[in-house]
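In what follows, a structure is listed as structure tokens, so that the remarks can point back to it.
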Amino acid sequence: MAASDLAKSKALPSIELEYKGPLDWPFMLSFYQRRAIKHIESIDENSYSRHAFLNDKPIWFRLTQRRPQSLTLEYDIASDRELKPLIAKLRRMLDLDADIDVIEVHLKAVEPDLIKRTGIRIPGVWSSWEAGVRAVLGQQVSVTAAITHLNRLTEQLTDLTQFPSPELVASADLSFLKMPQRRKDSLSALADFVVKHPSASPNEWLAIKGIGPWTVQYVQLRGLSEQDCFLSGDLVVKKALAHFARINENTAHPYGSYATFHLWNQ
């Protein structure tokens with residue numbers, strides 16, 4: 000039985016993930032919804048759920064906001080040993096330990112009109128590898144086109160409920176992807192590099208042909224949830240900056256990631 004079906008048929012264990020300060024949960028759900036991978040991620044009006052691998056074991060979880068300052072985590076994992084790393088992974092992924100009040104005070108001091116919605120945190124992804132694949136497939140195309148490529152990759156290489164591993168992508172014929180050959184070559188090269196150097200930092204990915212600063216920054220932003228990734232080279236950010244002349248990499252520091260998301264939200 001799939002974990003999502005199991006969740007419907009009986010109560011799963013749950014735990015509360017508490018946080019301080021505001022969290023714009025509807026914004027985060029909307030952000031995930033636009034970028035959701037079919038069969039792997041599911042979003043409704045108040046929850047986010049997904050399949051993933053943790054310590055080489057398949058898991059499933061769902062996060063729901065049922066009361067202020069807390070998210071309810073329901074989970075289906077192989078053993079209780081996976082619970083602590085799962086919680087750590089999700090706290091990073093949802094940016095639950097950020098001091099949003101301090102961050103927003105800083106950004107408002109630079110640009111009083113920048114923040115249209117309070118409580119925007121970094122909506123991360125499961126891993127740096129996944130963030131890297133999303134970034135490569137998203138180069139110079141719309142979000143919709145990028146997710147179409149991502150869904151096709153998953154459908155061709157997996158059982159539909161797990162994100163394709165670097166090993167799968169490195170050994171695959173990617174001719175089914177309808178994109179420029181150089182981008183497919185970049186994806187294959189990235190997968191091969193990650194297989195051979197699994198502990199390498201995203202900065203080391205710059206040695207790979209077709210992987211540039213924007214891709215690395217995107218991975219640092221969403222794959223590692225680093226707080227100071229100001230994506231000045233992003234097309235949407237560039238357009239928004241025309242209306243916010245005082246925001247730049249220096250003035251947003253050390254909260255460039257949050258400035259990026261607020262610029263995307265204009």
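With numbering that gives the first Met the number 0 applied, the sequence shown covers 0 to 265. Even glycine gets a Cβ: it sits at the ideal position worked out from N, Cα and C.
Here Val104 is exposed: its Cβ has fewer than 16 other Cβ atoms, across all protein chains shown, within 10 Å.
Leaving aside the five residues that flank Ser231 on each side, the residues in its chain whose CB is nearer than 8 Å to its CB run, in chain order, Lys237, Leu240, Asn247 and Glu248.
Taking C-beta atoms under 8 Å as the contact rule, Val135 and Thr214 qualify, at a distance of about 6 Å. A direct Cα-Cα distance of roughly 5 Å separates Gly118 from Asp23. At a cut-off of 3 residues, the continuous stretches assigned as beta strand (DSSP E) that sit fully inside the region 2-87 are 13-17, 40-42, 46-53, 56-66 and 69-75.
For the 9 Å CB-CB criterion, Ser127 and Val194 do not form a contact. Taking a contact to require three or more Cβ pairs closer than 8 Å, the region 197-216 and the region 178-189 qualify as touching.
Look at Ile121 here: in three-state DSSP terms it is coil, with no helix or strand label.
Within the same chain, and ignoring the five residues on either side of Pro212 in sequence, the residues whose Cβ sits closer than 7 Å to its Cβ are Gly232. Distance from Gly255 to Gly131 at the Cβ level is roughly 20 Å; contact not present, criterion being Cβ atoms closer than 8 Å. Taken through DSSP and simplified to helix, strand or coil, Pro201 comes out as helix. From the listed residues Lys115, Val140, Leu11 and Ser170, the smallest Cα separation to Pro179 is found for Val140. Less than 9 Å separates the beta-carbon of Ile58 from that of Ala77. Within the same chain, Phe175 come within 7 Å of Gln155 by CB-CB distance, once the 5 residues on both sides are set aside. CA-CA distance, Pro122 to Ser69, rounds to 16 Å. Put simply, of Pro163, Leu106, Leu113 and Pro111 the residue whose alpha carbon is nearest the alpha carbon of Arg133 is Pro163.
The alpha-carbon of Pro84 is positioned some 21 Å away from that of Gln64. Per the coordinates, the alpha-carbon of His252 lies some 20 Å from the alpha-carbon of Pro201. Here the alpha carbon of Leu11 sits roughly 15 Å from the alpha carbon of Tyr47. Along the region 199-252, the alpha helix (DSSP H) occurs as fully enclosed runs of 4 or more residues at 212-217, 234-240 and 248-251, listed in sequence order.
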